[in-house]
């Protein structure tokens, strides 16, 4: 299927080497639309962009890339949205450097929903991953689409939580929308394409180049009303997203942790700089003046087996071994082992090295 | 030895039942000094305080209490300081309700030093106690006398840290200055009397009545430039001290923790209300514009035995058992056991139930 003439012009212009946001927006302002830009003479173009870029515009053919885009758009759920489209996310128009063109895979309408960015470390702790997923689910149920960057660790957990809730999740990519990076998130990317969305400003086929990710971060924060950092080391890339969020006038939120945990340092630095300390998803919903989601029955509150409940109670907040727990509960070793296995399967506790068990908080 | 006439008058007035701060300060303003108050007629007194209090002033003898005070003052290191004395702590004059009279045991001059209140839960965690003691020591070495309330838990650890540093520590009591409460802190109280100070506004012999402690808290914050809360549950009494500190215009500081730790809830509530998040003693010294103490060689950085250093490194921030650690280090079981014992004696690690070891952060 051939592309509509105007969309072809948008794509062609977006593929001109060396023509980036600023220059492109200047040309659109001067000439009105991409077709008129492409029809302009080199002299006319040179009034607004450098001579090299003007030449590149006139030399641009991009026929192969255009054919690729046309083929990609044939697949169900794939979209290209331009600055001129009504579907272009309004919040991105508020940022200083909105992309001319967005490739979107999945539910386009999600880009217009109230959203929250949830980001953090790739090397997260087990508790950090649980926090990211459970907070994200509560945001999603509270009406906020969860935006993140499809990285391993906190990003992936945030997407999973968002998908599990009512308002789903959007991943903003540092690659072309036809590429999954990192490969370990392939299944998650398929889930997002089916029930959420993936979005990229980069041409199809763009590989994961390091400088794409910081640039991509402005769209993660730009799509959202605010940005929550779950776990971040002092030099974490998620602090870039938080800084961009603040510069874009978005609220910045951070979850604190032990002063001895390297993965809390970034969050603490943000709080010192004015980010809001967050202990629960409700803290964020309240700050954004959204009603908290109707309280779900929390799994923690609904252990049916009173022996399992007693075991959780004696476990408390410190690691404990099976023998000690059995003695504290007055249960046999066999009963205790069975209950611990069930609690572990239910993700209520985690096994630590050395035969210890640690309670997990959801 | 007989008391000086003017001190006897101060003590006598301070012992009148029902005559508290406000009334006493009104009378002093009206009559000039305690001797003139005691010489005034009931009619004259009734112009400033209620009839019952005026009668109580005239009926007051307090001879036995005066004799007790005289005997107490005979002991070396014991002092009574009145509002009229040059030694009365200047910062207490800034608060709305300074006591007329202070009983001080120990180094009176410490009350005039720059000071920081360090308070927190009686039921603290092992890491909370370590934090309190190591922060307090750094404050003390940085020139801040550490003020706290001689309670179990964080208070006691703060006093110990203050005593270990250069600027010592002051305990403000909710009992008479001749009583140690709780009894388990007897040895600490003796240390404070010898190398720091104990201070009370309550008459000698006053038992630990529950309502004395919140009232006492205004003096803990009042003596200090700021107040650091180390660990506090959501309903902790140390939040009263922090609130009073804020009302008195003192800086409030709090150490964050896991959002799943009940003992971090009080600190997080304070940070949400505007308290400064603190990750290190340097954060506080910097905020108060005091030069940080010359960096001491931190014990963590100076493990001499390279095998012990390697063991600490592989232990990381999670609990680990001896077998796993031995395998990671390539050490024999016997070597590992010996190193773990030494590290435990050096308080570099703590043994957990189930044969696990956890690194301690100083």
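Residue numbers (the numbering used here), protein chains in the order written: chain Z, 1 to 362; chain V, 363 to 724. The beta carbon of each residue, even a glycine, is placed where N, CA and C say it ideally should be.
What separation, rounded to the nearest whole angstrom, lies between the Cα atoms of residue i and residue j?
i	j	result
residue 3/Z	residue 78/Z	13 angstroms
residue 203/Z	residue 108/Z	18 angstroms
residue 456/V	residue 670/V	52 angstroms
residue 306/Z	residue 347/Z	17 angstroms
residue 104/Z	residue 199/Z	4 angstroms
residue 142/Z	residue 285/Z	7 angstroms
residue 68/Z	residue 35/Z	20 angstroms
residue 44/Z	residue 25/Z	15 angstroms
residue 58/Z	residue 6/Z	17 angstroms
residue 581/V	residue 550/V	20 angstroms
residue 624/V	residue 537/V	29 angstroms
residue 570/V	residue 543/V	7 angstroms
residue 660/V	residue 723/V	With a pLDDT of 43 at residue 660/V, under the threshold of 50, the modelled position of that residue is not reliable, and no figure is offered here.
residue 179/Z	residue 112/Z	24 angstroms
residue 395/V	residue 445/V	10 angstroms
residue 41/Z	residue 8/Z	19 angstroms
residue 295/Z	residue 573/V	The predicted model places residue 295/Z with a pLDDT of 40, which falls under 50 and marks its position as unreliable, so this point remains unresolved.
residue 506/V	residue 331/Z	52 angstroms
residue 160/Z	residue 491/V	38 angstroms
residue 349/Z	residue 314/Z	13 angstroms
residue 546/V	residue 184/Z	57 angstroms
residue 463/V	residue 451/V	11 angstroms
residue 484/V	residue 535/V	15 angstroms
residue 336/Z	residue 682/V	22 angstroms
Measuring alpha carbon to alpha carbon, tell me which of the options ends up nearest residue i.
i	options	result
residue 63/Z	11/Z, 339/Z and 49/Z	11/Z
residue 600/V	619/V, 586/V, 611/V and 576/V	576/V
residue 115/Z	306/Z, 329/Z and 288/Z	288/Z
residue 231/Z	257/Z, 341/Z, 194/Z and 192/Z	257/Z
residue 567/V	377/V, 396/V and 368/V	377/V
residue 158/Z	181/Z, 173/Z and 133/Z	133/Z
residue 229/Z	218/Z, 310/Z, 326/Z and 242/Z	242/Z
residue 48/Z	60/Z, 20/Z, 70/Z and 65/Z	20/Z
residue 393/V	375/V, 379/V and 451/V	375/V
residue 106/Z	146/Z, 248/Z and 195/Z	195/Z
residue 418/V	391/V, 379/V, 622/V and 545/V	379/V
residue 443/V	602/V, 563/V and 611/V	563/V
residue 472/V	484/V, 453/V and 481/V	453/V
residue 236/Z	38/Z, 356/Z and 119/Z	119/Z
residue 252/Z	350/Z, 278/Z and 233/Z	278/Z
residue 672/V	385/V, 535/V and 702/V	702/V
residue 272/Z	621/V, 717/V and 617/V	617/V
residue 147/Z	131/Z, 171/Z, 126/Z and 127/Z	171/Z
residue 249/Z	23/Z, 275/Z, 260/Z and 60/Z	275/Z
residue 579/V	389/V, 698/V, 609/V and 645/V	609/V
residue 696/V	690/V, 706/V and 685/V	685/V
Across which residues does DSSP place residue i in a beta bridge pair?
i	result
residue 251/Z	226/Z
residue 321/Z	356/Z
residue 639/V	616/V
residue 464/V	443/V
residue 532/V	509/V and 559/V
residue 581/V	Answer is none; residue 581/V lacks a bridge partner.
residue 373/Z	The structure shown does not extend to residue 373/Z, since chain Z is modelled only from 1 through 362, so no value can be given for it.
residue 37/Z	The partner list for residue 37/Z (beta bridge, DSSP) is empty, contrary to what the question assumes.
residue 116/Z	146/Z and 226/Z
Checklist entry - Which residues, taken in chain order from the stretch 601 to 624 of chain V, show a beta carbon closer than 8 angstroms to some beta carbon of chain Z? => result 617, 618, 619, 620, 621, 622, 623 and 624
Next on the checklist: Check whether the stretch 64 to 84 of chain Z and the stretch 158 to 170 of chain Z are in contact - that is, three or more C-beta pairs closer than 8 angstroms.
Outcome noted: no
Item to check | Residues of the stretch 632 to 645 of chain V with Cβ closer than 9 angstroms to any Cβ of chain Z, in chain order | outcome: 633, 634, 638, 639, 640, 641, 642 and 645
Next on the checklist: Quick check: the stretch 624 to 632 of chain V against the stretch 504 to 521 of chain V, are at least 3 beta-carbon pairs closer than 8 angstroms?
Outcome noted: no
Item to check | Stretch pair the stretch 49 to 62 of chain Z + the stretch 137 to 144 of chain Z: three plus CB contacts closer than 8 angstroms | outcome: no
Next on the checklist: Counting beta carbon pairs with one atom in the stretch 576 to 589 of chain V and one in the stretch 96 to 107 of chain Z, are three or more of them shorter than 8 angstroms?
Outcome noted: no
Checklist entry - Looking at chain Z, which residues of the stretch 480 to 494 of chain V have a Cβ within less than 8 angstroms of any of its Cβ atoms? => result 489 and 493
Checklist entry - Listed in chain order, which residues of the stretch 466 to 477 of chain V have Cβ atoms closer than 9 angstroms to some Cβ of chain Z? => result none
Item to check | Members of the stretch 547 to 579 of chain V near chain Z, C-beta cut-off 9 angstroms | outcome: none
Next on the checklist: What are the residues in the stretch 153 to 168 of chain Z lying within 8 angstroms of chain V by C-beta distance?
Outcome noted: none
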